[in-house]
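See structure below.
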Amino acid sequence: MPFSTDTQGREEAIIELFRATFTASEGAGEGALIGDLVRNLLASTAQPDRFVFTAEEEGAIIGGILCSRLTYEQDQRTVFVLAPVAVATDQQGKGIGQRLLTHGLATLRSAGVDIAMTYGDPGYYAKVGFKPISEADAPAPFTLQQPEGWLAQSLTDRAMTALKGPSRCVQALNDPVFW
Ligand SMILES: CC(C)(COP(=O)(O)OP(=O)(O)OC[C@H]1O[C@@H](n2cnc3c(N)ncnc32)[C@H](O)[C@@H]1OP(=O)(O)O)[C@@H](O)C(=O)NCCC(=O)NCCS
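Its first residue numbered 19, the sequence shown is counted upward by one per residue in our numbering.
Given below as structure tokens:
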């Protein structure tokens, strides 16, 4: 399956993937919220602070991950948060999400990212190496509504150890509604 990091001219297709997928899984309100989040992430996040990974089939975008920088000013390590993640509703359950996550994590590792974080279902993300972490050990930018979904993994040979807060996310995610 082809993967891409190219967003130029494909922004609307990426936004629509997220809007439609989250509308199908969590309703129109959540679909609009996540679609707007992806629009803002693409428009307002400078290149060194973000990665976008898409999976394609016959020219159509069927999966996507947006990754953005999480800054811990008192910690030297480079941290990115993978969110949101979507696989088109009619393509789910075929392993596309796991392959796309594995590809994204490998690319982040090659780019020198030390730690990947995400915020979602621990059972699903455990399949690609994420483990739960407490807000004490990795302070989030806002108090989490679902702290059990705060997950991390080291992308280096060094074990995951506590990150010293506070942390700061990119502007598009800088709203407690996402946390
Ligand atoms: C969550 C999502 C990205 C998974 O992508 P996918 O391509 O369907 O998942 P995969 O086919 O790679 O993985 C399937 C496996 O994960 C499990 N799984 C799928 N969605 C899951 C979820 N939400 N929670 C827990 N497990 C899940 C399946 O049971 C399956 O397990 P198995 O391999 O043991 O059979 C996709 O279902 C999706 O876009 N959902 C709606 C949006 C969303 O919730 N995004 C994540 C939050 S940001």
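For each residue, glycine too, the CB sits at the ideal point set by N, CA and C.
| Item | Value |
| --- | --- |
| My parser needs the alpha helix (DSSP H) runs of 4 or more residues fully inside the segment 32-62; what are they? | 46-62 |
| Out of Ala101, Pro184 and Thr72, which has the shortest C-alpha to C-alpha gap to Ser86? | Ala101 |
| Looking only at C-alpha atoms, which of Gln163, Pro66, Ser128 and Ile83 sits nearest to Val188? | Pro66 |
| Going by DSSP, name the residue or residues bridged to Leu84. | Val70 |
| Helix, strand or coil for Val146 per DSSP? | helix |
| Under the assumption that Ile114 contacts Ala50 (Cβ atoms under 8 Å), give the Cβ distance between them as a whole number of angstroms. | Not a contact, Cβ separation roughly 24 Å. |
| Helix, strand or coil for Thr23? Go by DSSP, reduced to three states. | coil |
| Leaving out five residues before and five after Leu173 in sequence, what residues of the same chain have Cβ atoms less than 8 Å from its Cβ? | Leu123, Leu126, Arg127, Val131, Asp132, Ile133 and Ala134 |
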